[in-house]
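Residue numbers (the working numbering): 1 to 179.
Here the structure comes first, spelled out in structure tokens, and everything after it is commentary.
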């Protein structure tokens with residue numbers, strides 16, 4: 001498993017500020033990849049900065065006493081309508097720690113990413129909670145090369161390389177989730 005740390009949404013001078021107060025958070029995210037090798041991403045924005053748009057994977061904060069796989073499966077169901085046994089996610093394929101602002105608050109988030117391959121999936125966002133309804137503008141399936149060429153902001157920044165590495169190392173790996 002790869003691990004990285006980074007700061008998002010702040011200038012380098014601000015990112016090192018000792019005056020910043022962070023809310024610590026654990027999260028789990030899913031790299032949902034279809035048979036064409038495309039990953040599902042949501043386009044969202046910070047309600048405090050609606051012009052600052054970015055793309056990110058399904059997932060979110062863990063509930064108390066929830067395992068990362070349990071949280072990833074719950075978030076996947078809420079955000080895409082895809083329901084599965086958390087065991088189907090296997091082990092996390094990537095972990096990192098990130099710092100970011102959202103709705104005028106600073107967060108330090110430790111997050112695990114799980115890989116799930118599906119033949120295809122029709123995304124159902126009716127399970128979005130209030131903040132997701134207000135801060136997610138779109139969703140789209142992306143090829144790694146499209147992300148690189150797009151000029152769009154996406155997280156994690158190493159996503160295209162991660163997807164390429166995972167595609168090469170798991171091409172003959174885990175079966176697809178039943179959809």
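Backbone N, C-alpha and C define an ideal beta-carbon position, used for all residues, glycine too.
These numbers come from a predicted model, not from an experiment.
- Residue 117 holds the alpha-carbon nearest to the alpha-carbon of residue 166 among 135, 26, 117, 44.
- With a cutoff of 9 Å on beta-carbon distance, residue 113 and residue 29 are scored as near each other.
- By alpha-carbon distance to residue 34, the top candidate from 119, 86, 156 is 119.
- Of the residues 107, 93, 80, 88, the one whose Cα lies closest to the Cα of residue 124 is 80.
- Here residue 94 is near residue 156, since their CB atoms are less than 9 Å apart.
- A contact between stretches requires three or more CB pairs, one per stretch, nearer than 8 Å, and the stretch 45-59 meets this requirement with the stretch 127-143.
- Here DSSP, grouped into helix, strand and coil, assigns residue 110 to strand.
- One thing to note: residue 65 has its Cβ no nearer than 9 Å to the Cβ of residue 87.
- In this structure, residue 115 sits near residue 89, with a CB-CB distance shorter than 9 Å.
- In the three-state DSSP reduction, residue 46 falls in the strand class (E or B).
- Contact between residue 146 and residue 55 fails: their C-beta atoms lie close to 11 Å from each other, not under 8 Å.
- In the three-state reduction of the DSSP assignment, residue 24 falls in the strand class, which pools E and B.
- In this model, residue 24 and residue 161 are separated by some 27 Å (Cα to Cα).
- If you draw a straight line from the Cα of residue 121 to the Cα of residue 141, it comes to about 10 Å.
- Note on the stretch 78-110: whole beta strand (DSSP E) runs with a minimum of 3 residues are 94-102, in chain order.
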